[in-house]
Amino acid sequence: MIEVENLRKSFGAVNAVDGVSFVARDGEITGLLGPNGAGKTTTLRMLYTLMKPDHGRVRVDGIDAVADPLAVRRRLGVLPDARGLYKRLSARENIAYFGRLHRLDEATLRSRSEALIDALDMREVAERRTEGFSQGERVKTAIARALVHDPKNLILDEPTNGLDVMSTRSLREFLFRLRGEGRCVLFSSHIMQEVVALCDRVVVIAHGRVVADAPPQTLRERTGAASLEDAFVEIIRQSESTAG
Amino acid sequence: MHDAITVFRKEVRENLRDRRTVINALVRGPFLFPVLFLIMFNLQVSAQFKNAGKPLPVPVVGAVNAPNLVAALSQMGMVTEPAPEDPDGAVQAQRDDVVLVIPAAYAAHWNRGQTAAVRLVYDSSRHESDQSAERLRNMLKSYAQVTASQRMIARGLSPSVALPLAPEDRDQATPQSRGALIFAFLPYFIVLTAFLGGMYLAIDTTAGERERQSLEPLLANPVPRSSVLLGKLSATTLFAMVSLALGVVGFAVVGRYMDIRRLNMAIDLGVHFFAITLLLMLPLVLLLTCLQTLVSAFAKSYREALTYLSLLMLIPVLPSLLLVVIPVKAQTWMYAVPLLGQQLGIMRLLRGEMPSAVDIAVCLLGSLLAAAVSFAIALRIYGSERLAVSA
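Chains Z and R are the protein sequences, given in the same order. Okay, so the first sequence: first residue is 1256 according to my numbering, each after it adds one. Okay, so the second sequence: first residue is 235 according to my numbering, each after it adds one.
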């Protein structure tokens, strides 16, 4: 479970995150939605302790991220927007590197890698050097190495970015599986289709603040919109008028 | 520590698979400088000895005024050539190296036992001209000496009357220490080999990772940044030290092909030199590695880091230049200064001497201290939030 309380973060004069609070629960897929520059990525970076909040609190499975960042990182599987692989290592070696940084013993590492390679349908490319991998193969490898330590909580920053339809569908199914296993899945996106298909709950962020936090169905009802996209646009419009 | 080792092993494995890094660190670096050095050295030696025994062609103006002188000079190796119209102009235009001008009054002065003048026209700023003029001058002096002795004896005097004081040279330079003069910039080459050996890794493991967007996911793992830094520094240091060791071996091999004995010199590039040089260089390599990583952490891209580090490469040349321009007597405190200490130590080892235990200790401590400080700074930079975020 990921609990976010009143997060604030500024870069110089820019208030990137200006009072963000929400909860991502176990056994649920929570979506973080918002226009470009809304503060999604900065918020996520504070969750996986790459950055420290100026104010507010982050708790993962009850552990404070500022007090014990390493413990928090042990409990998280992260797919950041920056998901570069090591070109001269094979997909398996990439996964193994992160597994060892999580202090997995070789036997556990091997079995978990095998399981993930199967689950993500990566059998064909597993032994190949990642140089020249397609977008889909790269994302799969990045997800595999983020999950090799079997984390309870998953953070994905725009996971379907640049993926083709087949890869997007298989990723979707994979995320449903993880949810079914009782994990907490939090992902950010601005692709409506994904959000509608996947999310149990949507947190809308604009100008560094949460402007809505409800299941997609509720958001549509609230705004009287036919689709989530319309609902989203309406919510943003409302937030901008109240912001003056 | 476990984490640092994991990072170290991955960096080493990954970079051994990079052909460019391997060629630079393990092949080009170590062999480039020794071969370059060999070529430079042999060129210099052959230039010095080129004219040693050969006849010296000299255009002579007024040869008819002193036939005995000209005959004597011919016996010593001079070859008389026709006189140019304008001796000064001929030398300036680089048509002739040296012109001997014998004035018409020569014979008159000579026969009266007075000092007879001859003029050497040459250009001291041109090496060939200067050398030829020196050879001619020596021939003239020799002839003058012989004549002077003859005249004194004819007047019933012993030639030693004109030579009340004869200083005797006792040069303390052994053949080995003379060799070190030519090798004064060998330490610079050695430092450069170590610098280049680790440079690509230093850039790749920091600026390169950031540019390829793999630094952020790496830091999402539960490893302290200090461990990541330590692992990367260790890998870079390893490559630098291996490159260095190969370079020193390269110099030792090349040393056999250098005709040092012709210059009456000898240098020690054996096992003893190898071992102590590596020992002295180790803390300096640590310092250089930290500095390279530090500078790379500031750069926004691989190319930018390469630019900064190329500038940084100029710094090791300073002590070498300094010692050539202002030769100083080596004192113990100087060994504490990184780069300078290694320069002095290596030069002593080349002469076949062993720096004192105190000097070695001071050198190691001084460089280790500087390395520790730069490590602390690098650690700070590695802890910054902006590190993983590409521009």
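The beta-carbon is built from N, C-alpha and C at its ideal position, and this holds for glycine as well.
Quiz item: If you check the beta carbons only, do R:Val-332 and R:Ala-367 fall under 7 Å apart?
Solution: As a working mapping, residue 332 of chain R is identified with position 98 in the second sequence. As a working mapping, residue 367 of chain R is identified with position 133 in the second sequence. Note that the C-beta distance between R:Val-332 and R:Ala-367 is below 7 Å.
Practice problem: Compute the distance between the beta-carbons of Z:Arg-1338 and R:Pro-451, then report whether it is under 7 Å. | Solution: If you number the first sequence from 1, residue 1338 of chain Z lands on position 83. If you number the second sequence from 1, residue 451 of chain R lands on position 217. A contact, by the Cβ cut-off of 7 Å.
Quiz item: Which same chain residues, not among the five before or five after R:Leu-613, have their C-beta less than 8 Å away from its C-beta?
Solution: Translated into the one-based positions of the second sequence, residue 613 of chain R becomes position 379. Cβ within range, chain order: Arg-459, Ser-460, Leu-463.
Quiz item: Can you name the start and end residues of the beta strand (DSSP E) that Z:Leu-1418 belongs to?
Solution: Position 163 of the first sequence, counted from the start, is the residue given in the question as residue 1418 of chain Z. That residue, Z:Leu-1418, is in no beta strand (DSSP E); it is neither H nor E in DSSP.
Quiz item: Is the number of C-beta pairs between the stretch 1274-1293 of chain Z and the stretch 1455-1466 of chain Z that are closer than 8 Å three or more?
Solution: yes
Exercise. Residues of the stretch 1337-1353 of chain Z with a CB closer than 7 Å to any CB of chain R: list them in chain order, please.
Key: Hits within the stretch, in order: Ala-1337, Arg-1338, Gly-1339, Leu-1340, Tyr-1341, Arg-1343, Leu-1344, Tyr-1352, Phe-1353.
Practice problem: Could you tell me whether the stretch 471-479 of chain R touches the stretch 368-388 of chain R, using the rule of 3 or more Cβ pairs below 8 Å? | Solution: no
Quiz item: Less than 7 Å separating the beta-carbons of Z:Asp-1336 and Z:Thr-1385?
Solution: Numbered from its first residue, the first sequence carries residue 1336 of chain Z at position 81. Numbered from its first residue, the first sequence carries residue 1385 of chain Z at position 130. Contact flag unset, no.
Quiz prompt | the stretch 1305-1329 of chain Z: positions lying closer than 9 Å to chain R by Cβ | solution = Leu-1305, Met-1306, Lys-1307, Pro-1324, Leu-1325, Ala-1326, Val-1327, Arg-1328, Arg-1329
Quiz item: Can the beta-carbon of R:Gly-481 be found closer than 7 Å to that of R:Thr-527?
Solution: Residue numbering aside, residue 481 of chain R sits at position 247 when the second sequence is read from its first letter. Residue numbering aside, residue 527 of chain R sits at position 293 when the second sequence is read from its first letter. The Cβ atoms of R:Gly-481 and R:Thr-527 do not sit closer than 7 Å to each other.
Quiz item: Does DSSP put R:Tyr-356 in a helix, a strand or coil?
Solution: Mapped onto the second sequence, residue 356 of chain R falls at position 122. R:Tyr-356 falls in the strand class under three-state DSSP.
Quiz item: DSSP puts Z:Ile-1318 in a beta bridge; with which residues?
Solution: Indexing the first sequence from 1 puts residue 1318 of chain Z at position 63. DSSP output for Z:Ile-1318 lists Z:Val-1315 as bridge partner(s).
Self-check item: Straight-line Cα distance separating R:Ser-554 from R:Thr-349
Solution: Along the second sequence, one-based indexing puts residue 349 of chain R at 115. Along the second sequence, one-based indexing puts residue 554 of chain R at 320. Looking at the two C-alpha atoms, the distance is approximately 48 Å.
Practice problem: Could you check how far apart the C-beta atoms of Z:Glu-1392 and Z:Val-1380 are, in whole angstroms? I think they sit under 8 Å. | Solution: Here the question's residue 1392 of chain Z lines up with position 137 in the first sequence. Here the question's residue 1380 of chain Z lines up with position 125 in the first sequence. The pair is a contact, with the Cβ atoms about 5 Å apart (cut-off 8 Å).
Practice problem: Please confirm if Z:Pro-1335 has its CB atom under 7 Å from at least one CB of chain R. | Solution: Sequence index remark: in the first sequence, residue 1335 of chain Z carries index 80 (1-based). Yes, its Cβ sits closer than 7 Å to a Cβ of chain R.
Self-check item: Z:Arg-1358 versus R:Pro-517, R:Ile-239, R:Val-551, residue with shortest Cα-Cα distance
Solution: Here residue 1358 of chain Z refers to the residue found at position 103 of the first sequence. Comparing Cα-Cα distances from Z:Arg-1358 to each of R:Pro-517, R:Ile-239, R:Val-551, the minimum goes to R:Ile-239.
Exercise. Examine chain R for any beta-carbon lying closer than 7 Å to the beta-carbon of Z:Leu-1262, and answer yes or no.
Key: Taking the first residue of the first sequence as 1, we reach residue 1262 of chain Z at position 7. Not an interface residue.
Self-check item: Bridge-paired residues (DSSP) for Z:Glu-1260
Solution: Here the question's residue 1260 of chain Z lines up with position 5 in the first sequence. According to DSSP, Z:Glu-1260 bridges with Z:Arg-1312.
Quiz item: Taking just the CA atoms, how far does R:Ile-424 sit from Z:Leu-1426?
Solution: Residue 1426 of chain Z sits at position 171 when you count from the first residue of the first sequence. Residue 424 of chain R sits at position 190 when you count from the first residue of the second sequence. Each residue's Cα considered, the two are about 54 Å apart.
Quiz item: Does the distance from the C-beta atom of Z:Gly-1274 to that of Z:Arg-1464 stay below 7 Å?
Solution: For the purposes of this step, residue 1274 of chain Z is taken as residue 19 along the first sequence, with counting starting at 1. For the purposes of this step, residue 1464 of chain Z is taken as residue 209 along the first sequence, with counting starting at 1. Yes. Within cutoff.
Quiz item: Under three-state DSSP, which class holds R:Ala-612?
Solution: Counted from its first residue, the second sequence places residue 612 of chain R at position 378. Reduced to three states, the DSSP call for R:Ala-612 is helix.
Self-check item: CB contact check: Z:Leu-1356 to chain R, cutoff 7 Å
Solution: The residue given as residue 1356 of chain Z occupies position 101 in the first sequence. Answer yes: the Cβ-Cβ gap between Z:Leu-1356 and chain R drops below 7 Å somewhere.
Quiz item: Nearest to R:Met-235 by CA position, among Z:Pro-1414, Z:Arg-1355, Z:Glu-1382, Z:Thr-1396, is which residue?
Solution: For the purposes of this step, residue 235 of chain R is taken as residue 1 along the second sequence, with counting starting at 1. For the residues Z:Pro-1414, Z:Arg-1355, Z:Glu-1382, Z:Thr-1396, the minimum Cα distance to R:Met-235 belongs to Z:Arg-1355.
Self-check item: Where R:Pro-398 falls, given that 16 or more other Cβ within 10 Å makes a residue buried
Solution: Translated into the one-based positions of the second sequence, residue 398 of chain R becomes position 164. With fewer than 16 other Cβ atoms within 10 Å, it is exposed.
Quiz item: Which runs of the beta strand (DSSP E), 3 residues or longer, sit entirely within the stretch 1383-1433 of chain Z?
Solution: 1408-1412
Quiz item: Alpha carbon to alpha carbon, how far is Z:Lys-1264 from R:Pro-268?
Solution: Translated into positions along the first sequence, residue 1264 of chain Z becomes position 9. Translated into positions along the second sequence, residue 268 of chain R becomes position 34. The alpha-carbon separation between Z:Lys-1264 and R:Pro-268 amounts to approximately 55 Å.
Practice problem: Please check the pair Z:Asp-1412 and Z:Leu-1334, which I expect to be a contact at CB under 8 Å, by giving their CB distance rounded to whole angstroms. | Solution: As a position in the first sequence, residue 1412 of chain Z is number 157, starting the count at 1. As a position in the first sequence, residue 1334 of chain Z is number 79, starting the count at 1. Beta-carbon to beta-carbon, Z:Asp-1412 and Z:Leu-1334 are separated by about 6 Å, close enough to satisfy the 8 Å threshold.
Quiz item: Using the beta-carbon of each residue, which ones in chain B are nearer than 8 Å to Z:Ala-1397?
Solution: Protein chains Z and R are contained in the structure displayed, whereas chain B is not.
Quiz prompt | Proximal residues to R:Gly-442 (C-beta, below 7 Å), its chain only, five neighbours per side dropped | solution = As a working mapping, residue 442 of chain R is identified with position 208 in the second sequence. Excluding positions up to five away in sequence, the list reads Tyr-536.
Quiz item: Fully enclosed by the stretch 364-398 of chain R, which beta strand (DSSP E) runs are 3 residues long or longer?
Solution: none
Self-check item: Nonlocal neighbours in the same chain, by C-beta distance under 6 Å from R:Ala-539, ignoring five residues either side
Solution: In the second sequence, counting from the first residue as 1, residue 539 of chain R sits at position 305. Ile-437, Ala-441, Ser-530, Ala-533, listed in sequence order.
Quiz prompt | Rounded C-alpha distance that separates R:Leu-522 from R:Phe-271 | solution = Translated into the one-based positions of the second sequence, residue 522 of chain R becomes position 288. Translated into the one-based positions of the second sequence, residue 271 of chain R becomes position 37. Their backbone Cα atoms lie some 23 Å apart in a straight line.
Quiz prompt | Where Z:Glu-1369 sits in the DSSP three-state scheme | solution = Against the first sequence, residue 1369 of chain Z aligns to sequence position 114. Of the three classes helix, strand and coil, the one that applies to Z:Glu-1369 here is helix, per DSSP.
Quiz prompt | Pick from R:Asp-403, R:Arg-360, R:His-506 that is closest to R:Gly-586, judged by C-alpha positions | solution = Position 352 of the second sequence, counted from the first residue, corresponds to residue 586 of chain R. Per the Cα distances, R:His-506.
Quiz prompt | the stretch 317-326 of chain R contacting the stretch 287-295 of chain R, beta-carbon criterion three pairs below 8 Å | solution = yes
Self-check item: 7 Å Cβ shell around R:Ala-605 - same chain, five flanking residues per side excluded
Solution: Looking up residue 605 of chain R in the second sequence gives position 371. The answer, listed in chain order, is Pro-517, Leu-520, Leu-521, Cys-524.
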